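Comments concern the structure below.
Written out as structure tokens, the structure reads:
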């Protein structure tokens, strides 16, 4: 217990901070700001999984951070994303606990696909889909902040897509 409170409470509070940044990232307005905010969010998210003793979630969150860094440096770094997919699989092997970890891995693979496209709208759609596996993983690992913000992230991806579509209609160009 930390200060008389159960570690799960501290973990979810830290996760809440990280996942709030994560959920708001699709509303950042540009691919660069989206990737920066999303990447920063991965640090408290990884720490919260460490506190929950869910090492697969912690390590795969760091793969997300690496993918955001690669995606922010180059929109054509697809071979790096393949390397990160291999790294995600290699990371999971020593910490694998159950088939539950495969949900997080599947979410990670889908997420990595989102970074392989330079099109911001397509990236948001694919990233939104990746939250399904992570949402179930979070629920079963006791990360209720994960569940809440996976749903919020998918919603904010949809809102961002609607804003982009409306902007294109008005101006005839993309944001």
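Residue numbers (the numbering used here): 44 to 218. Where a beta carbon is used, it is the ideal one built from N, C-alpha and C, also for glycine. Since the structure is predicted, the reported quantities are computational estimates derived from the model, not experimental observations.
Legend entry - Which listed residue (167, 185, 171) has its alpha carbon closest to that of residue 100: Distances from the alpha-carbon of residue 100 to those of 167, 185, 171 put 185 closest.
Legend entry - Within the region 121–189, ranges of the alpha helix (DSSP H) (whole runs, at least 4 residues): 121–138, 143–158, 163–184
Inset, instruction - Check residue 58 in the structure and name its three-state DSSP category. - result: helix
Legend entry - 6 Å CB neighbourhood of residue 189 in its chain, flanking five on each side removed: Counting only Cβ-Cβ distances below 6 Å, and skipping sequence neighbours, we find 181.
Inset, instruction - Would you kindly work out how many angstroms separate the C-alpha atoms of residue 151 and residue 212, rounded to a whole number? - result: 33 Å
Legend entry - Euclidean distance between Cα positions of residue 51 and residue 109: In a straight line, the C-alpha of residue 51 is about 26 Å away from that of residue 109.
Legend entry - Range of the contiguous alpha helix (DSSP H) that encloses residue 70: Unbroken run through residue 70: none, as it is neither H nor E.
Legend entry - residue 72 beta carbon less than 7 Å from that of residue 111: no
Inset, instruction - Assess, as a yes-or-no matter, whether the region 127–135 is touched by the region 165–180 under the definition of 3 or more beta carbon pairs within less than 8 Å. - result: no
Inset, instruction - Tell me where the alpha helix (DSSP H) around residue 89 begins and ends. - result: 74–94
Legend entry - Cα-Cα separation between residue 156 and residue 47, rounded to whole angstroms: 42 Å
Legend entry - As assigned by DSSP and simplified to three states, the class of residue 97: coil
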